[in-house]
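Engineer: In this text, residue positions in the sequence shown follow this note's numbering: the first is 14, and each later residue adds one.
Here a beta-carbon is modelled for each residue, glycine too, at the ideal position from N, C-alpha and C.
Computed from a predicted model, the values in this text were never measured in an experiment.
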Amino acid sequence: MSPVLAGVSQLLALVAALALAHRPLGDYMARVYSSDRHLRVEKWIYKGIGADPDTGMRRSAYLRGVLAFSAASVLFLYLLQRLQGVLPGSMGFSSIGPDQAFNTAVSFVTNTNWQSYYGEQAMGHVVQTAGLAVQNFVSAAVGMAVAVALVRGFASLGSRTAASGGTPVRAGELGNFWADLVRGVVRILLPLSVVAAIVLVACGVLQNFSGIHEVGQFTGGSQQWNGGAVASQEAIKELGTNGGGYFNANSAHPFENPTPFSNLFEIFLLLVVPFSLTRTFGRMVGSLRQGYAILATMATIWLGFVALMMWTEFAHHGPAFDLAGGALEGKETRFGVGASSIFAVSTTLTSTGAVDSFHSSFTGLGGGITMLGMQLGEIAPGGTGSGLYGMLIMAVIAVFIAGLMVGRTPEYLGKKIGTREIKFAACYLLITPALVLVLTAAAMALPTPADSMTNSGAHGFSEILYAYTSAANNNGSAFAGLNADTQWFNSTLGVAMLLGRFLPMVFVLALAGSLAEQRPVPVTAGTLRTEKPLFTGLLVGAILIITGLTYFPALALGPLAEGLAS
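1) Quick check: what's the CA-CA separation for residue 462 versus residue 452?
2) Please tell me whether residue 373 and residue 492 are closer than 7 Å, where the distance is taken between their beta carbons.
3) For residue 465 versus residue 572, is the C-beta distance shorter than 7 Å?
4) Cα separation between residue 67 and residue 434?
5) Quick one: what does DSSP say residue 191 is sitting in, helix, strand or coil?
6) Cβ of residue 103 within 7 Å of Cβ of residue 95?
7) Going by C-alpha to C-alpha distance, which of 150, 45, 149 and 191 sits closest to residue 57?
8) If you draw a straight line from the alpha carbon of residue 556 to that of residue 415, how long is it in whole angstroms?
9) Taking buried to mean at least 16 other C-beta atoms within 10 Å of its own C-beta, is residue 222 buried or exposed?
10) Would you please state the rounded distance, in angstroms, between the beta carbons of residue 487 and residue 125? I believe it to be under 8 Å.
11) For a test of the three-state rule: what should DSSP assign to residue 71, helix, strand or coil?
12) Residue 501 by DSSP, collapsed to three states: which one?
13) Looking only at its chain, what residues have a beta carbon closer than 6 Å to the beta carbon of residue 146, apart from the 5 residues adjacent to it on each side?
14) How would you call residue 346, buried or exposed, if buried means at least 16 neighbouring beta carbons within 10 angstroms?
15) Hey, could you find the ends of the alpha helix (DSSP H) residue 403 is sitting in?
16) Pick out whichever of 52, 70 and 120 has its Cα sitting closest to the Cα of residue 489.
17) Report the three-state DSSP secondary structure of residue 238 (helix, strand or coil).
18) Does the distance from the CB of residue 163 to the CB of residue 525 come in under 7 Å?
19) Measuring only the C-alpha atoms, how far is residue 356 from residue 420?
20) For residue 25, does the three-state DSSP call read helix, strand or coil?
21) Taking only the alpha-carbon atoms, compute the straight-line gap between residue 303 and residue 169 and give it to the nearest angstrom.
22) Taking the alpha-carbon positions, what's the residue 197 to residue 551 distance?
23) Quick test of your reading: residue 513 and residue 448, contact by CB under 8 Å. State the CB separation rounded to the nearest angstrom.
24) Which residues does DSSP pair with residue 370 in a beta bridge?
25) Evaluate residue 206 with the Cβ neighbour count: other Cβ atoms within 10 Å of its Cβ, from every protein chain shown; 16 or more gives buried, anything less gives exposed.
26) Based on DSSP bridge pairs, tell me the residues matched to residue 186.
27) From the DSSP secondary-structure annotation, give me the bridge partner or partners of residue 225.
28) Residue ranges of each alpha helix (DSSP H) run of no fewer than 4 residues wholly in the stretch 106-144, ordered along the chain?
29) Using a Cβ-Cβ cutoff of less than 7 Å, which residues in the same chain neighbour residue 485 once the five nearest sequence positions on both sides are dropped?
30) Below 8 Å on the Cβ atoms is my contact criterion, and I expect residue 326 with residue 289 to pass it. Report the Cβ-Cβ distance as a whole number of Å.
31) Output needed for residue 213: all residues of its chain with C-beta closer than 7 Å, excluding positions within five of it in sequence on either side, in chain order.
32) Among 286, 467, 407 and 460, whose alpha-carbon lies nearest the alpha-carbon of residue 440?
33) For residue 259, which of helix, strand or coil comes out of DSSP?
34) What separation, rounded to the nearest whole angstrom, lies between the Cα atoms of residue 10 and residue 106?
35) According to DSSP, residue 425 sits in a beta bridge with which residue or residues?
36) Can you tell me which residues form a DSSP beta bridge with residue 518?
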């Protein structure tokens with residue numbers, strides 16, 4: 014089988030698996046977030062944290078819950094790293110330095126999982142399992158909770174109603190953050206991760222608490238490896254679109270990703286929840302067709318990016334590429350060019366950040382595709398929860414543009430998009446580009462940050478641009494070649510991750526609260542049918558044009574210049 018045919022076959026198998034999981038998982042998640050029942054274990058958790066899960070929250074209270082929980086999580090993970098040297102199960106590793114501990118704590122709490130350290134040489138079992146793995150669960154659940162709150166804003170009837178599912182709520186209420194958080198972990202992420210971890214163990218992924226072992230004798234010394242609870246962390250790393258690797262090589266490491274089947278299964282894990290949430294959205298707003306329209310938008314962009322990436326990486330530019338069957342440098346021969354291209358697109362179009370190849374080694378245009386995927390806002394299908402609310406924000410923008418074209422007040426799902434709503438959506442869109450471009454410009458202008466670049470010219474600029482794009486969009490993957498373990502990058506990337514995660518949530522919840530206060534308007538002959546293919550095309554066009562206008566000058570200095578010069 015040719016490398017191209019092998020890549021296409023894996024893509025078709027992946028699409029089939031996602032299609033099979035879409036309906037049952039999406040419907041199940043809708044039932045979870047619409048239920049008025051609490052499991053016994055959930056009641057214990059509510060009692061332990063002192064929360065009343067049946068109390069409805071308006072946007073300000075919901076936001077306070079998100080920020081308070083995340084702040085406590087950052088503090089806990091920071092202290093856990095700083096105390097690692099005196100904790101049992103540290104495997105002899107010393108405590109993490111202040112700037113790197115801050116960067117890592119922020120990284121995992123914001124669902125970014127950027128790593129400026131070697132996982133197997135820095136973090137012991139306690140930090141890996143009690144710290145990083147736990148944040149993989151709860152940070153993903155926070156994103157899902159915010160997405161569900163926005164969906165409830167669209168579904169609300171603007172009065173005391175159960176239209177959003179579960180306990181009746183008053184106008185402006187978005188549900189209960191603590192209930193959404195706990196249910197996301199207990200009923201969705203935890204059971205799915207258990208099943209995924211068993212599959213990964215069967216594939217050969219490590220799952221133990223062994224210490225450091227010396228592996229053989231080599232010229233110049235010996236090699237050492239340590240074990241760990243890798244399969245369980247790998248499962249939630251992909252399922253929660255987290256991305257932090259137990260080992261520095263991430264999903265290119267054979268202990269994390271040993272076979273072509275495990276590689277395809279991990280891609281499935283990082284896509285299945287974001288794609289299925291579109292079904293949850295359609296079910297909760299009472300129109301499955303609306304969910305299908307959002308799904309079609311996500312799928313169109315994802316498939317288009319995969320096709321474009323495969324074309325750039327399989328394109329032959331000489332005898333070496335002809336013999337290799339594509340650009341294999343920096344890619345695992347276990348997976349090949351096709352599977353590596355699918356993984357690279359999927360991990361950057363979601364907020365996962367896991368890698369099974371090194372994006373710095375992709376062709377110039379291929380590296381640009383990974384960057385553009387993050388710059389779209391990671392909405393196709395995006396992160397666990399964050400992809401759905403990001404796409405709904407874009408839908409609001411697209412509806413507003415359509416309204417301007419015909420001179421009619423825009424509506425989406427029966428809610429008018431007025432001045433207040435469009436301001437919230439516009440602020441959401443402006444945050445991450447401002448962070449990426451301002452911080453990239455600062456790093457290039459100052460003398461010290463540029464010393465961290467391994468390469469010069471367009472590729473060196475791409476290293477910096479990729480790092481801030483990854484941080485501000487809460488992706489976490491790296492372009493490689495950049496020494497990010499410095500005070501400048503640990504601090505500025507940490508700030509970018511914090512602001513890139515929580516400032517958008519402020520405007521998402523503000524928009525959700527504004528929508529929840531409205532009564533639905535009736536559908537008329539002039540209402541834009543947002544469940545039709547025409548709207549899907551409009552939404553895809555709006556996403557690509559807005560992103561292109563925002564980032565094209567920066568991309569022209571980096572990956573585009575490199576790609577056109579090669």
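Structural biologist: Concretely, from the data shown:
1) Here the question's residue 462 lines up with position 449 in the sequence shown. Here the question's residue 452 lines up with position 439 in the sequence shown. Answer to the nearest angstrom: the Cα atoms are 11 Å apart.
2) Start at 1 with the first residue of the sequence shown, and residue 373 comes out as number 360. Start at 1 with the first residue of the sequence shown, and residue 492 comes out as number 479. It is a contact, given that the beta carbons lie within the stated cut-off.
3) The sequence position of residue 465 within the sequence shown is 452, counting from 1. The sequence position of residue 572 within the sequence shown is 559, counting from 1. No, Cβ-Cβ distance for residue 465 and residue 572 is not below 7 Å.
4) Looking up residue 67 in the sequence shown gives position 54. Looking up residue 434 in the sequence shown gives position 421. Approximately 28 Å between the Cα atoms of the pair.
5) Start at 1 with the first residue of the sequence shown, and residue 191 comes out as number 178. Helix, per DSSP.
6) Within the sequence shown, numbered from 1, the residue matching residue 103 stands at position 90. Within the sequence shown, numbered from 1, the residue matching residue 95 stands at position 82. Going by C-beta atoms, residue 103 is not nearer than 7 Å to residue 95.
7) Residue numbering aside, residue 57 sits at position 44 when the sequence shown is read from its first letter. That would be 191, whose Cα lies nearest to the Cα of residue 57.
8) The count along the sequence shown starts at 1 and reaches residue 556 at position 543. The count along the sequence shown starts at 1 and reaches residue 415 at position 402. For residue 556 and residue 415, the distance between alpha carbons rounds to 14 Å.
9) Translated into the one-based positions of the sequence shown, residue 222 becomes position 209. Looking at its Cβ environment, which holds fewer than 16 other Cβ atoms inside 10 Å, residue 222 is exposed.
10) In the sequence shown, the residue the question calls residue 487 occupies position 474. In the sequence shown, the residue the question calls residue 125 occupies position 112. Between residue 125 and residue 487 the Cβ distance is about 4 Å, and since that is below 8 Å, they are a contact.
11) Within the sequence shown, residue 71 is the residue found at index 58, counting from 1. Residue state, collapsed to three classes: strand.
12) For this step, residue 501 is matched to residue 488 along the sequence shown. Here residue 501 sits in helix by DSSP.
13) For the purposes of this step, residue 146 is taken as the residue at position 133 of the sequence shown. 246.
14) By one-based count along the sequence shown, residue 346 stands at place 333. With fewer than 16 Cβ atoms within 10 Å of its Cβ, residue 346 is classed as exposed.
15) Taking the first residue of the sequence shown as position 1, residue 403 is located at position 390. Looking at the DSSP string, the run of the alpha helix (DSSP H) that includes residue 403 is 399-419.
16) Start at 1 with the first residue of the sequence shown, and residue 489 comes out as number 476. Checked all of 52, 70 and 120; the closest Cα to residue 489 is 120.
17) Translated into the one-based positions of the sequence shown, residue 238 becomes position 225. Of the three classes helix, strand and coil, the one that applies to residue 238 here is strand, per DSSP.
18) Translated into the one-based positions of the sequence shown, residue 163 becomes position 150. Translated into the one-based positions of the sequence shown, residue 525 becomes position 512. Closer than 7 Å, so yes.
19) Taking the first residue of the sequence shown as 1, we reach residue 356 at position 343. Taking the first residue of the sequence shown as 1, we reach residue 420 at position 407. Approximately 43 Å between the Cα atoms of the pair.
20) Mapped onto the sequence shown, residue 25 falls at position 12. Residue 25: helix per DSSP, three-state reduction.
21) Position 290 of the sequence shown holds residue 303. Position 156 of the sequence shown holds residue 169. Using only the alpha carbons, I get a separation of about 16 Å.
22) Start at 1 with the first residue of the sequence shown, and residue 197 comes out as number 184. Start at 1 with the first residue of the sequence shown, and residue 551 comes out as number 538. Whole-angstrom Cα-Cα distance: 32 Å.
23) The residue you call residue 513 lines up with position 500 of the sequence shown. The residue you call residue 448 lines up with position 435 of the sequence shown. The Cβ separation is near 6 Å, so the contact holds.
24) Position 357 of the sequence shown, counting from 1, holds the residue named residue 370. According to DSSP, which records beta bridges pairwise, residue 370 is partnered with 344.
25) What you label residue 206 is simply residue 193 of the sequence shown in a count that begins at 1. Classification of residue 206: buried, given that the 10 Å Cβ count is 16 or more.
26) As a working note, residue 186 is residue 173 in the sequence shown. According to DSSP, residue 186 bridges with 71.
27) Within the sequence shown, numbered from 1, the residue matching residue 225 stands at position 212. In the DSSP output, where bridge partners are listed per residue, residue 225 has 239.
28) 111-122 and 132-135
29) Position 472 of the sequence shown holds residue 485. Same-chain partners within the cutoff: 445, 448, 449, 509 and 513.
30) The residue you call residue 326 lines up with position 313 of the sequence shown. The residue you call residue 289 lines up with position 276 of the sequence shown. Going by Cβ atoms, the distance from residue 326 to residue 289 rounds to 28 Å, so no, they are not a contact pair.
31) Position 200 of the sequence shown, counting from 1, holds the residue named residue 213. Same-chain partners within the cutoff: 244, 247, 248 and 275.
32) Start at 1 with the first residue of the sequence shown, and residue 440 comes out as number 427. Checking every option, the nearest Cα to that of residue 440 belongs to 407.
33) Along the sequence shown, one-based indexing puts residue 259 at 246. If DSSP states are grouped into helix, strand and coil, residue 259 belongs with coil.
34) This structure cannot settle anything about residue 10, because the visible part of the chain is limited to 14 through 579.
35) Here residue 425 is taken as the residue at index 412 of the sequence shown, counted from 1. DSSP lists 428 as partners of residue 425.
36) Looking up residue 518 in the sequence shown gives position 505. Beta-bridge pairing links residue 518 to no other residue.
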